[in-house]
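Peer 1:
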Amino acid sequence: MGNITINQHYVPQFLLRNFGWKAKKGIFRINIFDTKNCSVRHNQNIAKVFSQNFFYDQDNSIEKFLSEIETPTSILFEQIINGNFKSLENEDNKSLIMVFISSLLQRTPSALEKANEFINTNLNQGIVRQLLSLNGYDPNEANNGYFEFPQLVSDITLEGVINSILIKDLSFQIIKNETNLEFCISDHPVFAYNWLYRDLDHPSVTGITAKGFQIFLPLSPSITLCLYDSHVYKYGQKNQLITHIDNVNDIAIMNSFQIINSYSIIGFNSITTESHLKQLYERNKKIQLYKHENTIFDYRETEEGQIRYKTLNFTRQTKLKKMPSFISIKRKAKIDNNSFSYRNPELINQYLAVNKLHKNNTF
Numbered sequence: 001m002g003n004i005t006i007n008q009h010y011v012p013q014f015l016l017r018n019f020g021w022k023a024k025k026g027i028f029r030i031n032i033f034d035t036k037n038c039s040v041r042h043n044q045n046i047a048k049v050f051s052q053n054f055f056y057d058q059d060n061s062i063e064k065f066l067s068e069i070e071t072p073t074s075i076l077f078e079q080i081i082n083g084n085f086k087s088l089e090n091e092d093n094k095s096l097i098m099v100f101i102s103s104l105l106q107r108t109p110s111a112l113e114k115a116n117e118f119i120n121t122n123l124n125q126g127i128v129r130q131l132l133s134l135n136g137y138d139p140n141e142a143n144n145g146y147f148e149f150p151q152l153v154s155d156i157t158l159e160g161v162i163n164s165i166l167i168k169d170l171s172f173q174i175i176k177n178e179t180n181l182e183f184c185i186s187d188h189p190v191f192a193y194n195w196l197y198r199d200l201d202h203p204s205v206t207g208i209t210a211k212g213f214q215i216f217l218p219l220s221p222s223i224t225l226c227l228y229d230s231h232v233y234k235y236g237q238k239n240q241l242i243t244h245i246d247n248v249n250d251i252a253i254m255n256s257f258q259i260i261n262s263y264s265i266i267g268f269n270s271i272t273t274e275s276h277l278k279q280l281y282e283r284n285k286k287i288q289l290y291k292h293e294n295t296i297f298d299y300r301e302t303e304e305g306q307i308r309y310k311t312l313n314f315t316r317q318t319k320l321k322k323m324p325s326f327i328s329i330k331r332k333a334k335i336d337n338n339s340f341s342y343r344n345p346e347l348i349n350q351y352l353a354v355n356k357l358h359k360n361n362t363f
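Under the UniProt record's numbering, think of the first position of the sequence shown as 1, with each following residue one higher.
Right under this line is the structure:
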């Protein structure tokens, strides 16, 4: 295969190394908690986990494109982990981090499964169901079919890069873990949630353009990076980039995010973390963060006997019980938590312009 990378990482090795240790020259290892069977695998070679053969492509075009994002991002993350936060004062650096996070949100097996489920919900609950009904068949048979689109991961990964435009207005917060309980990392490490709208029944609540959108990404056992809507939330102390946490309950909540988000595995450093992860898993294993739904509306029959209808595909988020104690909703924002609004319409216009250009040109 020449220089083609066969084993392609959906969570970059540079990020995983922060949660592992160097065993010998060129070899880094990490402990793995398997959420499918609640078991632990010790001393796993980072080069061989959080990856699949030809996950993105077979010609390495996506793999090489992602490496161009990962290489400079790894330098910035290393600076942050080492306590050098000046890089976050640079707008170009912040934009690069947002591109990385937005693409990471879309480039994992969990993201691929979510995209496939979203498409199948539309097909099975909408188009296929109607076709079966119109032809005299039981519409419930639509539930028996499931279509997979393996190459979809390349498309949604690139979509994630473009989507970074939509989170440019979010603020940064560094969470410094001062406890003996470490942060862990899952195989879908970017946890996104809207705490403001947790009680609101609206189809756009889960979107990254919604007011109240939040992101959590663990960078190491002691550092988590948060992106949040500063018009809605107060994170830590006012005008402070860093929040120091000495409450293990906060760390447990943030680790539960990784448990809930995981596709099948959690990476961690210390063996003492095993029992903690197993307990978290037992408490959170039944939580399904998102549920895809499809609604048919404007259903009518034309004079020519044709059926016309429109469908609405959307994703609901489950109502989580807690957020870490360093997060609070501002008083002014609480007034609007019963009515949906977009965070920044201007960014949406920028996105639409770029997306139109993307569709008219080869990426």
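Glycine included, every Cβ here is placed at the ideal spot set by N, Cα and C.
1) What is the rounded straight-line gap between the Cα of R198 and the Cα of I62?
2) Between L277 and chain D, is there a C-beta pair that is closer than 8 Å?
3) So, helix, strand or coil for S39, using DSSP?
4) Tell me the rounded alpha-carbon separation between K332 and H231.
5) Where D34 and G236 are concerned, what is the direct C-alpha to C-alpha distance, given to the nearest angstrom?
6) Buried or exposed for H9, please, with buried defined as at least 16 other CB atoms from any protein chain shown within 10 angstroms of its CB.
7) Let me check understanding here. Comparing Cα to Cα, which of K291, V248, K285 and T179 lies closest to P203?
8) Compute the beta-carbon to beta-carbon distance between S220 and N18, rounded to the nearest angstrom, for a pair I have assumed lies under 8 Å.
9) Can F213 and F257 be called in contact, C-beta distance under 8 Å?
10) Along the alpha helix (DSSP H) that carries N93, what are the first and last residues, could you check?
11) Report the rounded CA-to-CA distance for T206 versus K25, giving the unit in angstroms.
12) From the DSSP output, in three-state form, read off F363 for me.
13) Give every residue of the same chain whose Cβ lies closer than 6 Å to the Cβ of S222, excluding the five residues on either side of it in the sequence, and list them in chain order.
14) In its own chain, which residues sit with a C-beta less than 8 Å from the C-beta of F326, not counting the 5 before and 5 after it?
15) Helix, strand or coil: how does DSSP classify K234 here?
16) Please classify R283 as buried or exposed, where buried requires at least 16 neighbouring CB atoms within 10 angstroms.
17) Indicate whether L200 and N337 have their beta-carbon atoms separated by less than 8 Å.
18) What are the partner residues of N31, as DSSP defines its beta bridges?
19) Output yes or no for whether 8 Å exceeds the beta carbon distance between V11 and D155.
20) Let me know the secondary structure DSSP gives L131 once reduced to three states.
21) Give the secondary structure of residue 379 by DSSP, where H, G and I count as helix, E and B as strand, and everything else as coil.
22) Three-state secondary structure (DSSP) at R316?
23) With DSSP run on the structure shown, which of helix, strand or coil describes L347?
24) Can you have a look at D229 and say buried or exposed, based on whether 16 or more other CB atoms are within 10 angstroms of its CB?
25) Could you give the residue range of the beta strand (DSSP E) that holds I80?
26) Give the secondary structure of E293 by DSSP, where H, G and I count as helix, E and B as strand, and everything else as coil.
27) Alpha carbon to alpha carbon, what distance is there between A47 and Q13?
28) Judging by CA-CA distance, which residue of I287, S262, F340 and Q151 is the nearest neighbour of D59?
29) By Cβ distance below 7 Å, which residues in the same chain neighbour M254 in space, the five residues on each side in sequence not counted?
30) Can you tell me whether G20 is buried or exposed, with buried defined as 16 or more other CB within 10 angstroms of its CB?
Peer 2: In short, the structure shows the following:
1) By one-based count along the sequence shown, residue 198 stands at place 198. By one-based count along the sequence shown, residue 62 stands at place 62. So the alpha carbons of these two residues sit roughly 35 Å apart.
2) Absent here is chain D; the protein component of the structure consists of one chain.
3) As a first step, residue 39 is located in the sequence shown; it is residue number 39 there, counting from the start. Strand.
4) Residue 332 sits at position 332 when you count from the first residue of the sequence shown. Residue 231 sits at position 231 when you count from the first residue of the sequence shown. The straight-line gap separating the alpha-carbon atoms of K332 and H231 is approximately 9 Å.
5) Position 34 of the sequence shown, counted from the start, is the residue given in the question as residue 34. Position 236 of the sequence shown, counted from the start, is the residue given in the question as residue 236. Rounded to the nearest angstrom, the two C-alpha atoms are 33 Å apart.
6) For the purposes of this step, residue 9 is taken as the residue at position 9 of the sequence shown. H9 should be labelled buried.
7) Position 203 of the sequence shown holds residue 203. Comparing Cα positions, the closest option is K291.
8) Counted from its first residue, the sequence shown places residue 220 at position 220. Counted from its first residue, the sequence shown places residue 18 at position 18. Correct: roughly 4 Å between the Cβ atoms.
9) Working through the sequence shown from its first residue, we reach residue 213 at position 213. Working through the sequence shown from its first residue, we reach residue 257 at position 257. Contact: no.
10) Start at 1 with the first residue of the sequence shown, and residue 93 comes out as number 93. E91 to L104 is the extent of the alpha helix (DSSP H) around N93.
11) Here residue 206 corresponds to residue number 206 of the sequence shown, with the count starting at 1. Here residue 25 corresponds to residue number 25 of the sequence shown, with the count starting at 1. Spanning the two alpha carbons is a distance of roughly 43 Å.
12) Locating residue 363 in the sequence shown gives position 363, where the first residue counts as 1. Its pLDDT being 42, under 50, F363 is placed unreliably by the model, and nothing is read from it.
13) Stepping through the sequence shown from its first residue, residue 222 is reached at position 222. Taken in chain order, the residues that qualify are N177.
14) Residue mapping note: residue 326 aligns to position 326 of the sequence shown, counting from 1. Around F326: I175, Y235, G236, T243, I245 and D250.
15) In the sequence shown, the residue the question calls residue 234 occupies position 234. Of the three classes helix, strand and coil, the one that applies to K234 here is strand, per DSSP.
16) Taking the first residue of the sequence shown as position 1, residue 283 is located at position 283. Looking at its Cβ environment, which holds fewer than 16 other Cβ atoms inside 10 Å, R283 is exposed.
17) By 1-based counting over the sequence shown, the position of residue 200 is 200. By 1-based counting over the sequence shown, the position of residue 337 is 337. The criterion of a C-beta distance shorter than 8 Å is satisfied by L200 and N337.
18) To locate residue 31, count along the sequence shown from 1; it is residue 31. Per DSSP, F268.
19) For this step, residue 11 is matched to residue 11 along the sequence shown. For this step, residue 155 is matched to residue 155 along the sequence shown. No; because the gap between Cβ atoms is not below 8 Å, this pair is not in contact.
20) On the sequence shown, position 131 is the one that residue 131 refers to. Low local confidence applies: a pLDDT of 48 at L131 is under 50, so the model's placement there is unreliable, and no value is given.
21) Past the edges of the chain, shown from 1 to 363, lies residue 379, and the structure says nothing about it.
22) Here residue 316 refers to the residue found at position 316 when the sequence shown is read from its first residue. Three-state DSSP puts R316 in a strand.
23) As a working mapping, residue 347 is identified with position 347 in the sequence shown. In the displayed model, L347 falls within a helix according to three-state DSSP.
24) By one-based count along the sequence shown, residue 229 stands at place 229. Buried: at least 16 other Cβ atoms inside 10 Å.
25) Looking up residue 80 in the sequence shown gives position 80. Premise fails: I80 lies in the alpha helix (DSSP H), S61 to I81, not in any beta strand (DSSP E).
26) Locating residue 293 in the sequence shown gives position 293, where the first residue counts as 1. It is a strand residue.
27) Taking the first residue of the sequence shown as 1, we reach residue 13 at position 13. Taking the first residue of the sequence shown as 1, we reach residue 47 at position 47. Rounded to the nearest angstrom, the two C-alpha atoms are 7 Å apart.
28) For this step, residue 59 is matched to residue 59 along the sequence shown. Answer by Cα proximity: Q151.
29) By 1-based counting over the sequence shown, the position of residue 254 is 254. Excluding positions up to five away in sequence, the list reads F183, F216, T224 and P324.
30) The residue labelled residue 20 in the question sits at position 20 within the sequence shown. Counting the other Cβ atoms within 10 Å of the Cβ of G20 gives 16 or more, which makes it buried.
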